[in-house]
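Everything on this sheet refers to the single structure shown next.
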Amino acid sequence: MNNFKSMSKLVILLLTCFGCQKGNENTTTGNPVVSLAATSSASNATVAQFKPSLLDLILPKAVAYPAPAALLDSAGNTVSIQSVWVNFGQIEFKFDELHTGTEVNGDSVEFSGSHSIDLLSPAPTTFVSGPIKVTQIRRIKMKLIRTSILPAGAPSGLLNKSIYVQGTVNGNNFTYSTQDETEIEIAGPQIVSATENSTLLIELKIANLIKKTNLSAITGTTNINDNNRISYANPCHLINASASDLFTCFRSGIQTESNLGRDDDRNFQLDVGENSVK
232 MNNFKSMSKL VILLLTCFGC QKGNENTTTG NPVVSLAATS SASNATVAQF
282 KPSLLDLILP KAVAYPAPAA LLDSAGNTVS IQSVWVNFGQ IEFKFDELHT
332 GTEVNGDSVE FSGSHSIDLL SPAPTTFVSG PIKVTQIRRI KMKLIRTSIL
382 PAGAPSGLLN KSIYVQGTVN GNNFTYSTQD ETEIEIAGPQ IVSATENSTL
432 LIELKIANLI KKTNLSAITG TTNINDNNRI SYANPCHLIN ASASDLFTCF
482 RSGIQTESNL GRDDDRNFQL DVGENSVK
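Heads up, the sequence shown is in the numbering used here, so the first residue is 232 and it goes up one at a time.
This is the structure in structure tokens:
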């Protein structure tokens, strides 16, 4: 794989969409136009309901649901998450690859740019939009890139990072951050069929990531990063059975606990029965 309380929201959103550059020629007339959005979602019981406005019908969007005030990790520790940010560069839709297979030089669409996404923001986060050639999507690949300029509203810890998470474990402050610039890949056994003016939604189940991870190693203020990985025995076997540190659990979990699908009812989450890759 060779970023809204008034009109300013709409301006930012449109600039983000139209500023994207397609990485190939797959944009001929008649191909469905889709928007890609990202959100973080907690458990179903915490989901709020929103009435769609006229703007929603014109410009599909996604809203992130903040994580619950308190979560439990796999060891029963009380966890609170205040911030989850990711920064993507190139985004590639793949059509010819199976989720268990390797790279295939088949049909794909690429979008380039820098997209800083606040996954816990209540604001719409539609960050790419455009026509695609093939309507069946099997896999999406998103290249992480470090931020060179701190986005508005972002925590200072995101600067020069590609992922930043902030929270507490039993009242102890912790952060997870990385300068990783590899790919996040979301794939599954199902095919997502893209339709005209549909919203393709990337949904990170933050509650699932936490409940599958043992954060008992966090007993005081802790900064988990590339150089301070926080070793622990078998911390997240349901996410990554070979992991021996919390850094690996967060990095792996952001991928394994994410899904890609089509938000048909526009309730800003991927419901049971909606078309998704997992």
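Note that the Cβ used here is the ideal one computed from N, Cα and C, for glycine as well.
Which residues DSSP lists as bridging G492, in chain order: Counted from its first residue, the sequence shown places residue 492 at position 261. For G492, the pairing in a beta bridge is given by DSSP as L432, S507.
If you draw a straight line from the alpha carbon of E427 to that of Q367, how long is it in whole angstroms? Here residue 427 refers to the residue found at position 196 when the sequence shown is read from its first residue. Here residue 367 refers to the residue found at position 136 when the sequence shown is read from its first residue. Cα to Cα, E427 sits roughly 13 angstroms from Q367.
Kindly indicate the opening and closing residues of the beta strand (DSSP E) around R370. Locating residue 370 in the sequence shown gives position 139, counting from the first residue. It spans 367-375 - the beta strand (DSSP E) in which R370 sits, taken as one unbroken run.
Output the distance between the C-alpha atoms of I461 and I312, rounded to the nearest integer angstrom. Within the sequence shown, residue 461 is the residue found at index 230, counting from 1. Within the sequence shown, residue 312 is the residue found at index 81, counting from 1. Cα to Cα, I461 sits roughly 18 angstroms from I312.
Entirely within the segment 372-460 and at least 4 residues each: give me those alpha helix (DSSP H) ranges in chain order. 437-442
Considering just the uninterrupted stretch of the alpha helix (DSSP H) at S345, what are its terminal residues? To locate residue 345, count along the sequence shown from 1; it is residue 114. Looking at the DSSP string, S345 is not in any alpha helix (DSSP H), and its letter there is neither H nor E.
How is V294 classed by DSSP in three states: helix, strand or coil? Taking the first residue of the sequence shown as position 1, residue 294 is located at position 63. With a pLDDT of 41 at V294, under the threshold of 50, the modelled position of this residue cannot be trusted; read the value that follows with caution. Residue state, collapsed to three classes: coil.
Segment limits, beta strand (DSSP E) that includes I312: One-based indexing of the sequence shown puts residue 312 at position 81. Taken as a continuous stretch (DSSP letters only), the beta strand (DSSP E) holding I312 covers 309-325.
Contact under 8 angstroms by Cβ, I376 with G307: Mapped onto the sequence shown, residue 376 falls at position 145. Mapped onto the sequence shown, residue 307 falls at position 76. Their beta carbons are not under 8 angstroms apart, which means I376 does not touch G307 by this criterion.
Any beta carbon of chain C sitting closer than 8 angstroms to that of C467? No chain C appears in this structure, which consists of one protein chain only.
Any contact of the segment 432-444 with the segment 376-388, i.e. 3+ C-beta pairs under 8 angstroms? no
List the endpoints of the continuous alpha helix (DSSP H) containing S475. Residue 475 sits at position 244 when you count from the first residue of the sequence shown. No alpha helix (DSSP H) holds S475; DSSP gives it neither H nor E.
Same chain, Cβ closer than 6 angstroms to G451, neighbours up to 5 away in sequence not counted: Position 220 of the sequence shown, counted from the first residue, corresponds to residue 451. Only N403 meet the Cβ criterion.
For a test of the three-state rule: what should DSSP assign to S462, helix, strand or coil? Translated into the one-based positions of the sequence shown, residue 462 becomes position 231. If DSSP states are grouped into helix, strand and coil, S462 belongs with the strands.
Beta-carbon contacts of T453 that lie in its chain and below 6 angstroms, excluding the five residues immediately before and after: Locating residue 453 in the sequence shown gives position 222, where the first residue counts as 1. Only F405 meet the Cβ criterion.
For the candidate residues R493, G492, H468, whose alpha-carbon lies nearest to that of D304? Looking up residue 304 in the sequence shown gives position 73. Of R493, G492, H468, the residue nearest in Cα terms is H468.
Tell me whether the beta-carbon of L431 lies closer than 8 angstroms to the beta-carbon of V423. Taking the first residue of the sequence shown as 1, we reach residue 431 at position 200. Taking the first residue of the sequence shown as 1, we reach residue 423 at position 192. Contact flag set, yes.
Exposure label - E488; buried when at least 16 CB within 10 Å: Walking along the sequence shown from the start, residue 488 turns up at place 257. When all chains shown are included, E488 counts as buried.
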